[in-house]
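Below is one structure, written out as structure tokens; the observations come after it.
Numbering (full-length UniProt numbering), first residue to last: 1 to 282.
Structure follows, in structure tokens:
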């Protein structure tokens with residue numbers, strides 16, 4: 001099944017289940033993360049499907065997990081991307097964190113103030129469905145609630161100021177996620193991930209080539225921090241990022257960034273980039 005967080009007419013949000021043809025049934029939860037926090041969420045979805053609830057059409061997707069407790073990302077996880085960045089295959093996952101404040105919806109415009117090196121990173125993201133702590137890979141696999149589409153938009157000028165990536169990755173309202181979560185029981189074993197700039201294909205990869213797969217990542221992360229329902233883990237990006245091109249290429253004001261994964265969905269985000277914001281003096 002496909003679950004989404006939709007904006008409602010009264011300005012709020014609701015979790016919903018897709019019924020096909022851009023139609024949805026509203027669920028009794030404010031968002032997908034809140035829904036997954038209920039131990040009976042699957043039964044709740046089944047009851048809603050059988051209830052004859054009103055169908056919602058033409059709804060606007062909100063950020064899938066607007067209150068995600070943890071947003072953890074893996075860098076350098078596809079062989080071709082590792083090569084274009086001039087790195088060696090890692091022994092352990094390269095991890096960094098974002099906040100829920102970074103997330104935007106599948107069709108939201110993205111405003112960037114203060115960077116002129118805005119780069120794209122199309123990614124498969126994993127939604128945690130049950131609590132994990134010090135889990136092995138089998139336990140981690142069982143705890144996957146589902147999968148979604150994300151783009152780890154990165155401000156490379158800020159990222160490269162220091163050896164730590166955080167300040168180039170955690171900008172408010174710059175990480176598109178959605179439009180839906182495909183539940184793990186209906187997902188295949190691998191996904192084709194693609195990214196486009198103004199309709200031009202710039203990234204393409206298959207998750208079968210990940211150095212660390214979804215269950216490996218969740219297991220590894222759970223060794224040092226508990227993962228809870230509604231947490232989000234981005235699995236890394238394939239080759240084709242702008243910084244790896246010769247010469248490097250970055251998003252410009254008015255560009256449209258599209259991210260898609262077969263079987264899950266598509267993000268399409270207009271970028272408004274304002275690079276002339278002065279950095280405060282120290």
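Ideal placement from N, C-alpha and C gives every residue a C-beta, glycine not left out.
Query	Result
Residue range of the beta strand (DSSP E) that includes residue 24	23 to 26
Start-to-end residues for the alpha helix (DSSP H) that takes in residue 83	79 to 84
Cβ pair count under 8 Å reaching 3, the segment 1 to 12 against the segment 52 to 60	yes
Backbone CA spacing between residue 198 and residue 257 [nearest angstrom]	6 Å
Ranges of the alpha helix (DSSP H) found wholly within the segment 184 to 248, counting only runs of at least 4	214 to 222
Residue 282, buried or exposed, once every other Cβ within 10 Å from all chains shown has been counted against 16	Note that residue 282 scores a pLDDT of 48, beneath 50, so its modelled location is shaky and nothing firm can be said.
Under the three-state DSSP convention, the category residue 8 falls into	coil
Option in 209, 213, 87 with minimal Cα separation from residue 144	213
Contact under 8 Å by Cβ, residue 4 with residue 32	yes
For residue 296, three-class secondary structure by DSSP	This structure leaves residue 296 out entirely; the chain is present only between 1 and 282.
Inter-residue Cα distance where the pair is residue 67 and residue 100	6 Å
For residue 260, three-class secondary structure by DSSP	strand
Euclidean distance between Cα positions of residue 157 and residue 186	40 Å
For residue 166, the three-state DSSP class (helix, strand or coil)	helix
Exposure label - residue 81; buried when at least 16 CB within 10 Å	buried
Whole-angstrom C-beta distance between residue 112 and residue 273, which should lie under 8 Å	5 Å
beta-carbon residue 121 near the ligand SAM non-hydrogen atom, thresh 7 Å	The ligand SAM is absent from the structure shown, which contains no ligands of any kind.
6 Å Cβ shell around residue 2 - same chain, five flanking residues per side excluded	18, 180, 182
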